[in-house]
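For reference, the structure discussed in these notes is given below.
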Amino acid sequence: MANSQLPSRHLEGRARVVRSGEYELAAFEYGDPANETVILLHGWPDTHLLWSDVVPLLADRYHVVTYDQRGHGLSSSPQSWQDFAFDKLVADIGAVADVVSPGRPVHLLGHDFGAIYAWEAVCDDDADSRFASFTCVSGFSLDQAGLWMRKALRHPTPRNLLGLMGQLLCSSYIFWLFVPGLPARLFTYLGRREVWKRALGVLSRVPAEKAYLAETLEQDMLGGMRIYRANIGKIFRPKESRTKVPVQMITSKYDVAIRRIPLDDAPRWAQELHFHEIPAGHWSPFTHPREIADLTIAFVDAHRSR
């Protein structure tokens, strides 16, 4: 179903089902499995279709894998929000990696909440044996964001307070998701693909023909809500986290969801960290696939697993 929505110039993935605990994940493979494996992680309310214009730019060089996050697209949709906790999402990454690249580290490329839970994965104790690199697009660690918020409140300089207010404003939509009854009514409307395409045009200047949306969009919006409910509290209970996995962060100049200032303390988060800014909005994989692919290629090639 999902791949049939793509224009003919896009690659048809080799579909497979990956088991993660009691749930099934719909995964798609592209390119030669003998090459370095790059796993692409989408956020809310997207599916693997987010990467439709990025995959062809990577697949000639790498073994590329996309999958629908639990609660999205063709993957299982648990009804309990506890089944969307970070440890479950990190286990999903591990399940996919074990199947598509047994015995070899993989590279991660994550966007939005896909990047957020990828941070959880690369901060695990044994992460450097499982992941060769991590490219983070429009995302950050909730631990790191929580620590930055505490710092901003402890040191209320004009810059810190403006940065805090700006990020809270950008993230304010999350709190509306907890108003009883509102999400169902809201997403019944926004979940119409033509409506959401118009919204993406306003929020991120995504041309309608570049907004690749699954037929499951309304269910994905509702199902993906559980990810926020299960994990957003972590930002108020942050802990110090650091990774040995090489990280590059791609920020977007016109991002309506993620501001640059919360990333000021980023050098504390990783032993090796690189920053790049692109002239894009939040949904940059739709609008700037070449820039994302080029930065990913350079980073993966510099950190090959063998």
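Our numbering applies: residue 3 is where the sequence shown begins, and numbers increase by one. Each residue gets a CB set at the ideal place from its N, CA and C atoms; glycine is no exception.
How should residue i be labelled, buried or exposed, when 16 other C-beta atoms within 10 angstroms of its C-beta is the threshold for buried?
| i | result |
| --- | --- |
| M3 | Confidence in M3 is poor, its pLDDT being 37 and thus under 50, which makes the residue's placement unreliable; the coordinate value appears in the next sentence. Exposed, by the Cβ-count rule. |
| K241 | exposed |
| S135 | buried |
| Y191 | exposed |
| Y289 | Going by the sequence as given, residue 289 is Thr instead of Tyr. Buried, since its Cβ has 16 or more Cβ neighbours within 10 Å. |
| F301 | buried |
| P291 | buried |
| Q81 | exposed |
| D257 | buried |
| V197 | exposed |
Using DSSP with H/G/I as helix, E/B as strand and the rest coil, what is residue i?
| i | result |
| --- | --- |
| I294 | helix |
| Y64 | coil |
| T245 | strand |
| E279 | strand |
| T289 | helix |
| R239 | coil |
| Y2 | Because the chain is modelled from 3 through 308, residue 2 falls outside the range shown and cannot be assessed. |
| Q84 | helix |
| I252 | strand |
| A259 | coil |
| A210 | helix |
| R270 | helix |
| A201 | helix |
To which residues of the same chain is residue i closer than 8 Å at the C-beta, ignoring the five residues directly before and after it?
| i | result |
| --- | --- |
| V98 | V20, S22, L27, A29, I41, V67 and Y69 |
| H305 | H109, A134, S135 and P248 |
| R200 | A210 |
| S77 | Y25, E26, L27, A28, Y69, D70 and Q71 |
Check whether the Cβ atoms of residue i and residue j lie closer than 8 Å to each other.
| i | j | result |
| --- | --- | --- |
| Q250 | H284 | no |
| K255 | Q273 | no |
| I252 | C138 | yes |
| V57 | Y25 | no |
| H65 | D94 | no |
| L215 | H113 | no |
| T49 | R106 | no |
| G203 | E220 | no |
| C125 | S243 | yes |
| W271 | S143 | yes |
| W53 | R228 | no |
Using a Cβ-Cβ cutoff of less than 6 Å, which residues in the same chain neighbour residue i once the five nearest sequence positions on both sides are dropped?
| i | result |
| --- | --- |
| V101 | V20 |
| H278 | I252 and L297 |
| G225 | G73 and S79 |
| R11 | With a pLDDT of 47 at R11, under the threshold of 50, the modelled position of this residue cannot be trusted, and the question is left open. |
| F88 | Y119, E122 and N233 |
| L206 | The amino acid at residue 206 is misidentified as Leu; the sequence shows Ser. Cβ within range, chain order: G283, H284 and W285. |
Under 7 Å Cβ to Cβ from residue i, same chain only, skipping five residues before and after it: list those, please.
| i | result |
| --- | --- |
| S286 | V139, S140, S254, I280 and I294 |
- Item | Ordered list of beta strand (DSSP E) runs contained in the segment 90 to 164, each at least 3 residues | Listed in chain order, the complete beta strand (DSSP E) runs (minimum 3 residues) inside the segment 90 to 164 are 108 to 113 and 133 to 139.
- What beta strand (DSSP E) runs, 3 residues minimum, are completely inside the segment 31 to 80? For the segment 31 to 80, whole beta strand (DSSP E) runs of length 3 or above, ordered along the chain, are 39 to 43 and 65 to 69.
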